[in-house]
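**Student:**
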Amino acid sequence: LCNAKGKKERQCWKKNSMLEERPISPDSIQLLHAGMNHSVRLSASEKIASQQQLDYYYAVVKKQILQFQSYTTGLFPRYSTENNVGYVRDSLYCAMTCWALSRGYLRLNDDQGRYYELGQAAVKTMRGILLCWMRQSDKVENFKRVHSAVFALHSKFNLLTGEAVEGTENYGHLQIDVVALFILTLVQMITSGLEIIYTTDEVSFVQNIVFYIERAYRTPDFGMWEMGTRYNDGTPELHASSIGMVKAALEAINGCNLYGSKGTVGSVIYVDIDAHNRNRTTFETLLPRESNSKNVDASLIPTISFPCFAAHDESLYHRTFAKCIRKLKGKYGFKRFLRDGQFCVLENPNRQFYQSGETKLFQGVECQWPMFFVYMIIDGVYMGNQHQVKVYADLLEPLLIMENHQAIVPHYYYFQTESIYHERSHPGSQIMLPSLGKGLFLWGQALYIISCLLRENLIHVSDIDPSYRHLPANQRPKVDNRHSVFQGSLTNPVLQIAFITESQKLQTMLSTYGITTQTLHQVEPVQIWSPGQMVKVFENLGKNVRLQLSGRPNRPLGALGTSKVYRVFGETVLCYPLLFDVQDFYLSSDAEVLIDDIKRDLKFIECRWQLAGRPTICLLLTEDLVCGEHFSKVLNLLVDLKSGLCNGIRVRVGRLQNLLSAGCLEHLDFAPQGYSVDFIPEPMREVKSMSDYSSLSDLSHCLMEAVTDKDFDVEPFKTQPTEEIIATLKNLPKAALYTQCRLLWLLYERHGVDFKIFDDVTVRVKLERVCRQAALSKTWRVVRYCAALLRKVVDSLAPSITSILVRGKRLTVGVFGGEEVIIDSPVTPNVIEEELYRVCFPHDILACVLQQELIIVLGHFISVEPELFIGILKVRIGWLIHALNLMMNFGNKEGNLSVYDLSPTDVKLLVRNLLSMKNFSQLTAMQQRQLNGSLNRVPPDFFEHMWRTLERTSDGIVVATHHLPQQPTLSDMTEYELNFALTIDELLSRIQIPEYRQIMVELFVVLSIILQRNPELKFNKKVDMDKLISKAFGYYADDKKLTDRQDMTPFYELYPHLVGGSSTYLAKAVINDLLSIPTDSVDSKKQLSCDTNCRLS
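So the sequence shown is numbered by full-length UniProt numbering: it starts at 1 and just counts up by one.
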């Protein structure tokens, strides 16, 4: 195959330089578009030659692939010698090969029926996988609610019966990339004309597995290698490869008709465009890294290239490829990832998982997989890079094994036991042997046949990519589709905006300022819905009683989803954005926050819009929004939008009826008129004005005049009967907001939130009223108190947490000095709510909602200003609140200011000032340490310093009585691995005093510098860092003649790098401990470098 020749002597290797870049030839674009015209006419001689070549590959496919296909399920084993287990991933690649060859026969007039035969073999495989999964529809239903490996679709089945062969406790079935690859392959084959989906039940199931993968951006899985973290300890993690494949699958299937050209509106698949965007953002953020434990992984190659083509950002594309080549490429193939122990002779085949520190054994002697040379050949063909094709074809040729004049791709190459030592001593010096004994590795063999068909021009690149995923979305052929499909990011799209007022009187008032709006009555027959109403409609998408599938989970519509115009129940519907939903959370009650959020969403929509038609946004104007001190800012926003340009974003403001023709229209054909749904839609109606006013300034005064709380002693009521509390509550003035919420808290504690106070008013209803009145009066402590009692949770909390996590950070929730819960993997909103209220509510009720507020703020800042988080690996929200309170009270003698009294806008500004270290130079050393310690901030290269320190401390280090051993820490991790940094950060997190934590960080830096400049020194015992600090403080106390040896405040007030600063005493303690010098034998006022012969500078 491909002129492959066996080599008698494997020692004859050619040294090939690594391809650091992937240059694209000038003719590549023409090649990328090749195959769009399938009616290319071949000459008679060309037809004969093509027929002969295709017949040859037909014989190869029959012998090497199809003879191993199960005659019942259509699945394929991993190796040709296996008879019992069929693997989904391997089966998909085998199906691709059959399909690819059938596409080659499509060109011939006389294909001898082989086009149909090969196509049906692919169909049998795809349907076999589908039917195996449909038997597990209960897992899909459960997984939509709880993203647990227990409910994962299985990735391997009995080859003959299709039954499950191994439970989730013994095998990592949660491989989201497999499900995504199935969906992507399904779309490609249907687009090419194959009929795979037969019934509406199957359509419903496919829609539900789309729901299954939509939350991949926050679902740790076991990945392409079926093992999770590289430590092989059974722990799943977020994989860029899995998320990238999901991104590609969602793009491919959105708007796809599963019945092909013969389909109806009921067989169309819908994708949550906001879920797709979150997967895209997470994927692009992770690249070129694969996961926390794998800095680089070969699984990214098929993700960003064939068959997924998930990355179209040129910079990310080249950086990822270059990193894979630089770190993983060898003479015999690519390593899967660094310290990969699978199939290595040092691996213990009798244990499922590795022991702690075991991966160190495999460093430098990892197996190499020739299959990835095949991926690089295919990538070169798609990119029109013939140089790359030739280089990797030359590298692959001597690796192939010839059998009956047919080339075989070995699964992997490995080092023999006797070669391990020499290979470690002289990397690249030893010969690797091919894996034999298990038969053909079908995945690699299938890929190799596809590469041969491409190289010999028997198929075009578009034959196996009829959706043209290899092209940027905006260069793909346009598809006439009544359903929204991804068309590629537009350059500065025009955003359409309709101003809708909730009342006619507000419309009149705004018109006096030159702002033209429409009321809800004036936009008829178009209806304005809340996003929650549209979610109710979408719950019927994919619902299937026979399969016991409930349809789309109750997931909110994001900014992109509410920018579509919908046709549902025969009506035209536009949803206002979620940020206008006051019932959702109190943040939108702060007009300034709402204005910032509107501007941010507009910018986000402009950057991320990928659908045909313009985005159409409903700007819902309420009296609550326009009243108050921020009205001038609201007015400025409306004026900017009306001008057609807002913050560089092109907008068009007009009557909603005039905007519809150019908008993005989504037909919800799964819910036609008369469709049975579980609710009756209630479009918004005009409201009566809440107050009498003749101008907006009057309105502001009217809403603000009677909202001042008074002192009221609530303590005596804790022992009073419920009736007396209710009577007092009735007689309280409306202005006593804080007192009302305190009394309501007493009723809440005694009887619960649904206890009736009077008439039909429950504690919940009364809290909602008090919360709204407090929001109008800007009494934010009361707003937060009521929101916490109502257990409100902001909808965008989970995406914000994911934004923080995928950038390599960690998060904790809990109060300062109390229990903290570490969030180190994406979690569902229900889990977040449960943990927040469990650890915060008993100690600080207000913290339950303020911590949510801060998570939203941090998620925003880390996305737009990631430089603010340099040196911060773990954000401890309780400690962050502590830092904000400290910052507010620096210089305040009374010290009674609280962040709980600030508006959300002021909180956001205060957080940014803290993260950016604004005005830090004006603070004392103690204050700087308090803030940096609360932020868990460390200096640049701190974790590299820690690695070198640990290398020189044979018995490890002790911090706050916790021992971090040298081994297996160093053997289990690498210097630049994120998990090592997290281990060190966790060690420091055991310190409960921020300023002391920062002194500890300074001590580690001093220790590392001393060891680095004195390579002959090392510790031969456990290094107790707390004792070193105690010694350093003792030296300082001796010098200053301090009598109180318990209060370290004077030591905290020392600046680190000044003469006589804290570093001087810390260095003295380190040197004395290194050299075992008695504490009273060195004069701290002398130069330590002279007295100890240790170099400090």
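By construction, the Cβ of each residue, glycine as well, lies at the ideal position given by its N, Cα and C atoms.
Between which residues of its own chain and I528 is the CB-CB distance below 7 Å, once the five residues before and five after are set aside?
**Tutor:** Closer than 7 Å at Cβ, skipping near neighbours: I500, L520, L574, Y576, C618, P683, M684.
**Student:** Grab the span of the beta strand (DSSP E) containing C618 for me, first residue to last.
**Tutor:** Element bounds for C618: 616 to 621.
**Student:** With DSSP collapsed to three states, give me the class of E226.
**Tutor:** Note: E226 maps to coil in three-state DSSP.
**Student:** Sort out for me which residues DSSP pairs M402 with in a bridge.
**Tutor:** Answer is A407.
**Student:** For Q548, count the other beta carbons within 10 Å of its own beta carbon; 16 or more makes it buried, fewer makes it exposed. Which is it?
**Tutor:** Its Cβ having fewer than 16 others within 10 Å, Q548 is exposed.
**Student:** Spatial neighbours of Q430 within its chain, please: CB distance less than 7 Å, with the 5 preceding and 5 following residues excluded, ordered by chain position.
**Tutor:** These residues qualify, in order along the chain: F415, S419, H422, E423.
**Student:** Would I48 be called buried (16 or more neighbouring beta carbons within 10 Å of its own) or exposed?
**Tutor:** Exposed: under 16 other Cβ atoms inside 10 Å.
**Student:** Excluding five sequence neighbours on each side, which residues of the same chain lie with their C-beta closer than 7 Å to the C-beta of E944?
**Tutor:** Counting only Cβ-Cβ distances below 7 Å, and skipping sequence neighbours, we find E975.
**Student:** Among residues of its own chain, excluding the 5 on either side of residue 1098, which ones have a beta-carbon nearer than 7 Å to its beta-carbon?
**Tutor:** No answer is possible for residue 1098: it lies beyond the span of the chain, which begins at 1 and ends at 1097.
**Student:** Could you name the residues of the same chain whose beta carbon sits closer than 6 Å to that of residue 1108, not counting the 5 residues immediately before and after it, in chain order?
**Tutor:** The structure shown does not extend to residue 1108, since the chain is modelled only from 1 to 1097, so the question has no answer here.
**Student:** Determine the direct distance from the alpha carbon of L868 to that of Y513, and round the result to whole angstroms.
**Tutor:** Roughly 40 Å separates the two Cα atoms.
**Student:** Among all the DSSP beta bridges, which residues are the ones paired with I822?
**Tutor:** Per DSSP, T812.
**Student:** Of the residues L396, L433, E403, V178, which one's Cα is nearest the Cα of E366?
**Tutor:** That would be L433, whose Cα lies nearest to the Cα of E366.
**Student:** Pull up the distance between the alpha-carbon of V821 and that of E539, whole angstroms please.
**Tutor:** Approximately 33 Å, taken between the alpha carbons.
**Student:** Since N913 and S898 are thought to touch, with beta carbons under 8 Å apart, how far apart are those beta carbons, to the nearest angstrom?
**Tutor:** N913 to S898, Cβ: 17 Å. No contact.
**Student:** Roughly how many angstroms lie between the CA atoms of D754 and D590, to the nearest whole one?
**Tutor:** Each residue's Cα considered, the two are about 28 Å apart.
**Student:** Within its chain, find whatever has a CB closer than 8 Å to the CB of K718; leave out the 5 residues flanking it on each side and keep chain order.
**Tutor:** L746.
**Student:** What separation, rounded to the nearest whole angstrom, lies between the Cα atoms of L579 and N936?
**Tutor:** So the two alpha carbons sit approximately 32 Å from each other.
**Student:** Go ahead and pull the three-state DSSP assignment for K331.
**Tutor:** Three-state result, K331: coil.
**Student:** Would you tell me roughly how many angstroms separate the C-alpha atoms of V707 and L737, rounded to the nearest one?
**Tutor:** The predicted model places V707 with a pLDDT of 43, which falls under 50 and marks its position as unreliable; any figure quoted below should be read in that light. Their Cα atoms are separated by approximately 8 Å.
**Student:** State the Cα-Cα distance for the pair H843 and L744, rounded to the nearest angstrom.
**Tutor:** The alpha-carbon atoms of H843 and L744 are separated by roughly 18 Å.
**Student:** First and last residue of the alpha helix (DSSP H) that includes L250?
**Tutor:** From DSSP, the alpha helix (DSSP H) with L250 extends over 240 to 253.
**Student:** Count the other CB atoms, across all protein chains shown, that sit within 10 Å of the CB of L1054; report buried if there are 16 or more and exposed otherwise.
**Tutor:** Buried.
**Student:** How big is the Cα-Cα spacing for T508 and K778?
**Tutor:** Approximately 26 Å, taken between the alpha carbons.
**Student:** Ignoring anything shorter than 4 residues, give me the alpha helix (DSSP H) runs that lie fully in the segment 519 to 585, in order along the chain.
**Tutor:** DSSP runs (the alpha helix (DSSP H)) wholly in the segment 519 to 585: 531 to 538.
**Student:** Among the residues of its own chain, which have a CB less than 8 Å from the CB of S511, if the five just before and after it don't count?
**Tutor:** So the qualifying residues of the chain are T517.
**Student:** Please say whether T168 and A149 have beta carbons closer to each other than 8 Å?
**Tutor:** Going by C-beta atoms, A149 is nearer than 8 Å to T168.
**Student:** From which residue to which residue does the beta strand (DSSP E) around E202 run?
**Tutor:** Segment 200 to 214 is the alpha helix (DSSP H) holding E202; no beta strand (DSSP E) there.
**Student:** Is the beta carbon of G228 less than 8 Å from the beta carbon of G172?
**Tutor:** Cβ atoms of G228 and G172: closer than 8 Å.
**Student:** Take the Cβ of S45 as the centre, count every other Cβ of all protein chains shown within 10 Å, and call the residue buried at 16 or more, exposed below.
**Tutor:** With fewer than 16 other Cβ atoms within 10 Å, it is exposed.
**Student:** Which word fits Y212, buried or exposed, when buried means at least 16 other C-beta atoms lie within 10 angstroms of its C-beta?
**Tutor:** It is buried - the Cβ of Y212 has at least 16 other Cβ atoms within 10 Å.
**Student:** Based on DSSP bridge pairs, tell me the residues matched to P434.
**Tutor:** The partner list for P434 (beta bridge, DSSP) reads Y413.
**Student:** Should residue 1101 be labelled buried (16 or more other beta-carbon atoms within 10 Å of its own) or exposed?
**Tutor:** Only positions 1 to 1097 of the chain appear in this structure, which leaves residue 1101 out of reach.
**Student:** According to DSSP, Y87 sits in a beta bridge with which residue or residues?
**Tutor:** Bridge partners of Y87: K156.
**Student:** Using a 10 Å radius around the Cβ and a threshold of 16 neighbouring Cβ atoms, would you call residue 1098 buried or exposed?
**Tutor:** Nothing can be reported for residue 1098, as the shown portion of the chain is limited to 1 through 1097.
**Student:** Which term fits L31, buried or exposed, when burial requires 16 or more other beta carbons within 10 angstroms of its beta carbon?
**Tutor:** At L31 the pLDDT is 43, less than 50, meaning the model places this residue with poor confidence; the figure from the coordinates comes in the next sentence. Its Cβ being crowded by 16 or more others within 10 Å, L31 is buried.
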